[in-house]
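Inspection log for the structure reproduced underneath, given as structure tokens.
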Amino acid sequence: ALLALVIGGYGLFSQMSTQAPQQETVAQDNNSNQPQVHYVQVWRAKHDLTRGSAIGIEDVEREQMQLDMALEEGINSDIQLDF
64 ALLALVIGGY
74 GLFSQMSTQA
84 PQQETVAQDN
94 NSNQPQVHYV
104 QVWRAKHDLT
114 RGSAIGIEDV
124 EREQMQLDMA
134 LEEGINSDIQ
144 LDF
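Each step along the sequence shown adds one to the number in the working numbering, with nothing skipped, and position 53 is 116.
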């Protein structure tokens, strides 16, 4: 049983030590001088819809918008629809 604990501990240690360099490279990529662009998901109607009527997937199309453009149109978060 002691041998199993030693082998398991070695496996965990080696796995954690190999993941650390990968996390550092990701952190370096995030610190680049390029501004990050954030997107929101919106749904646009393909045609005029009547108020109170049920809509289906064929009535709308999904679109990704940059957050700054969405804010100009009054959208401040992702829009979720369940069909």
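For every residue, glycine included, the Cβ atom is placed at its ideal position computed from N, Cα and C.
Quick caveat: nothing in here was measured; it's all calculated off a predicted structure.
Ordered along the chain, which non-local residues of its own chain (more than five positions away) have a Cβ less than 7 Å from that of residue i?
i      : result
Leu112 : Ile118, Asp122
What residues are listed by DSSP as bridge partners for residue i?
i      : result
Val105 : Glu126
Is the separation between the beta-carbon of residue i and that of residue j shorter than 8 Å?
i      : j      : result
Arg125 : Gln104 : yes
Tyr102 : Leu144 : no
Quick one: Cα of residue i to Cα of residue j, how far?
i      : j      : result
Ser140 : His110 : 23 Å
Tyr116 : Gln97  : Just to set this straight, residue 116 is Ser in the shown sequence, not Tyr. Taking the straight line from one Cα to the other gives about 44 Å.
Leu68  : Glu136 : 59 Å
Gln146 : Ala108 : The question names Gln, but residue 146 in the sequence shown is Phe. Their Cα atoms are separated by approximately 14 Å.
Ile142 : Arg114 : 18 Å
In chain order, what residues of the same chain lie with their CB nearer than 8 Å to the CB of residue i, ignoring the 5 residues before and after it?
i      : result
Ala133 : Val103, Val105, Asn139
Within its chain, find whatever has a CB closer than 6 Å to the CB of residue i; leave out the 5 residues flanking it on each side and keep chain order.
i      : result
Met128 : Val103, Val105
Ile120 : Phe146
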